[in-house]
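Scroll down for the structure; my scribbles are underneath it.
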Ligand code: IPM
Ligand code: MG
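In our numbering, the protein residues as written are 23 to 468.
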């Protein structure tokens, strides 16, 4: 009896010990499971945080870079005086595709017009090679270092079109050479005239050239596979200097209206600053009327035959300027007929506003490319460095050949004239001592 009791007791003790142990194991398993779950949550959280951290870090870098640019703008020197330079160095940059063909024609015109200046050592020409898509792709830079060095050794440059790759092109997606040169040389004003006298159109566009959507165009972030963000940046200094240039131009040329074009009702912060700066600067020019339009309705007004002749000088942020000037150039005969000046206080670059047309080269038609746009840019170069008389002569000849007389016509194919023949036609026209008279007669007749 006693024995059975004792056995029973040990059995119960063993059982409770086992139970205790099991409970302990169960508890431990629970803790482990919780820990594992926690680890998993942390991992997910960390993964989610990483893109935000990366994007924040990237953004901080951009802010820092832009603040430094503001400081550089504050310290910038005054305008260069070409009258005091000897020699004024003019760089000729062929660029890509049809660029070298049409730029060679423009160089021929400039060298002829400035022959005496070259002889007396006042002007020097330099040809800059290597701003080609092949070389830019090889060094993976929008401007190869040696080319940039050469560009900076010139006071002004005449540039042919350069290929701008986009995502999916056979070229690496490097920044546009145009945009990079504008930023690198701080060419803040993109000045683009459009004139169609027969339709009463005489517009001058002052497109901001270093800020807005273009300032950080290549520096957007793909936060995740689902989210991409680009940045746009403007500065008070950047807005004021382009707006002031537009008003100065109006004042100098007795033009009584300057119009700002923005989308400040939607893009409130950056376009807002542009517009605020516009009305602030306008107060310094009481003789000039200032008004503003939104880009959408302005695009429509340019095709409104009644209203469009009222616009004179327009000043706009970078991207709107890019778009509106292509539209405007179309009324003049297309982008192939317009020239573009990129002006900074220290440097200036003049270029055609059309692209490099690689297809024309591929199809063996490069010699039929129209050199008018880059030659017109050459006329703007002459005006800018102090040879207004020569610049005007060239512009008159371009108007007569391209818009009025049209003895030779360019079609971009063998059905039309070659660029070389068209350039000869311009040179012959320019040599006519009655050029001004002829131009006035054409103007009156139209
Ligand atoms: C222009 C061109 C350039 C621009 C391109 C080629 C990057 O369209 O000069 O208008 O967008 O500024
Ligand atoms: Mg453009």
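Cβ coordinates follow ideal geometry from the N, Cα and C atoms, glycine included.
> For residue 226, which residues does DSSP report across the bridge?
Replying inline: 215, 335
>> Residues in the same chain with beta-carbon distance under 6 Å from residue 346, minus the five sequence neighbours each way, listed in chain order, please.
In response: none
> Are the CB atoms of residue 374 and residue 361 nearer to each other than 9 Å?
Replying inline: yes
> Do residue 347 and the ligand MG come close, with the Cβ less than 8 Å from some heavy atom?
Replying inline: yes
> How many angstroms separate the CA atom of residue 196 from the CA atom of residue 187?
Replying inline: 7 Å
>> So if DSSP puts residue 172 in a beta bridge, which residue, or which two residues, is it bridged to?
In response: For residue 172, which the question treats as bridged, DSSP gives no partner whatsoever.
> Under 9 Å between the Cβ atoms of residue 280 and residue 268?
Replying inline: yes
>> What would DSSP say about residue 325, mapped onto helix, strand or coil?
In response: coil
>> Please list the terminal residues of the continuous beta strand (DSSP E) segment that includes residue 251.
In response: 249-251
> Can you tell me whether DSSP reads residue 461 as helix, strand or coil?
Replying inline: helix
> Can at least three beta-carbon pairs, one atom from the stretch 199-213 and one from the stretch 305-324, be found at a separation below 8 Å?
Replying inline: no
> If we ignore side chains and look at the alpha-carbon of each, how far apart do residue 208 and residue 462 end up?
Replying inline: 38 Å
> Out of curiosity, what's the CA-to-CA distance linking residue 424 and residue 230?
Replying inline: 29 Å
> By Cβ distance below 6 Å, which residues in the same chain neighbour residue 260 in space, the five residues on each side in sequence not counted?
Replying inline: 233
> So residue 120 packs on residue 382, CB below 8 Å; how close in whole Å?
Replying inline: 5 Å
> Taking Cβ to Cβ, would you say residue 127 is nearer than 9 Å to residue 444?
Replying inline: yes
> Apart from the five residues just before and just after residue 185, which ones in its own chain have a Cβ nearer than 6 Å to its Cβ?
Replying inline: 118, 155, 378
>> Helix, strand or coil for residue 149? Go by DSSP, reduced to three states.
In response: strand
>> Below 8 Å on the Cβ atoms is my contact criterion, and I expect residue 331 with residue 223 to pass it. Report the Cβ-Cβ distance as a whole number of Å.
In response: 6 Å
> What is the DSSP secondary structure of residue 381, reduced to helix, strand or coil?
Replying inline: helix
> Taking all protein chains shown into account, do 16 or more other C-beta atoms lie within 10 angstroms of the C-beta of residue 165, making it buried, or fewer, making it exposed?
Replying inline: buried
> Whose CA, out of 292, 441, 410, lies closest to the CA of residue 387?
Replying inline: 441
> At which residue ranges does the stretch 69-147 contain complete beta strand (DSSP E) runs of 3 or more residues, listed in the order of the chain?
Replying inline: 110-115
> Which residue's Cα is closest to the Cα of residue 243: 292, 74, 348?
Replying inline: 74
> Between the beta-carbon of residue 473 and the beta-carbon of residue 412, is there less than 9 Å?
Replying inline: The structure shown does not extend to residue 473, since the chain is modelled only from 23 to 468, so the question has no answer here.
> Can the beta-carbon of residue 180 be found closer than 9 Å to that of residue 113?
Replying inline: yes
> With distances taken between CB atoms, is the gap from residue 131 to residue 448 smaller than 9 Å?
Replying inline: yes
> Measuring CA to CA, which of 170, 241, 100 is closest to residue 81?
Replying inline: 241
> Is it the case that the CB of residue 375 approaches a heavy atom of the ligand MG more closely than 8 Å?
Replying inline: yes
>> Quick check on residue 313: does DSSP put it in helix, strand or coil?
In response: strand
> On the three-pair Cβ rule with 8 Å, is the stretch 212-227 touching the stretch 43-55?
Replying inline: no
> Would you call the CB atoms of residue 245 and residue 77 closer than 9 Å?
Replying inline: yes
> When the Cα atoms are used, what is the spatial distance from residue 103 to residue 289?
Replying inline: 38 Å
> How many whole angstroms separate the CB atoms of residue 452 and residue 428, which I take to be in contact at a CB cut-off of 8 Å?
Replying inline: The Cβ separation is near 16 Å, so there is no contact.
> Around the ligand IPM, which residues pass a check of Cβ closer than 5 Å to any of its heavy atoms?
Replying inline: 186, 198, 200, 344
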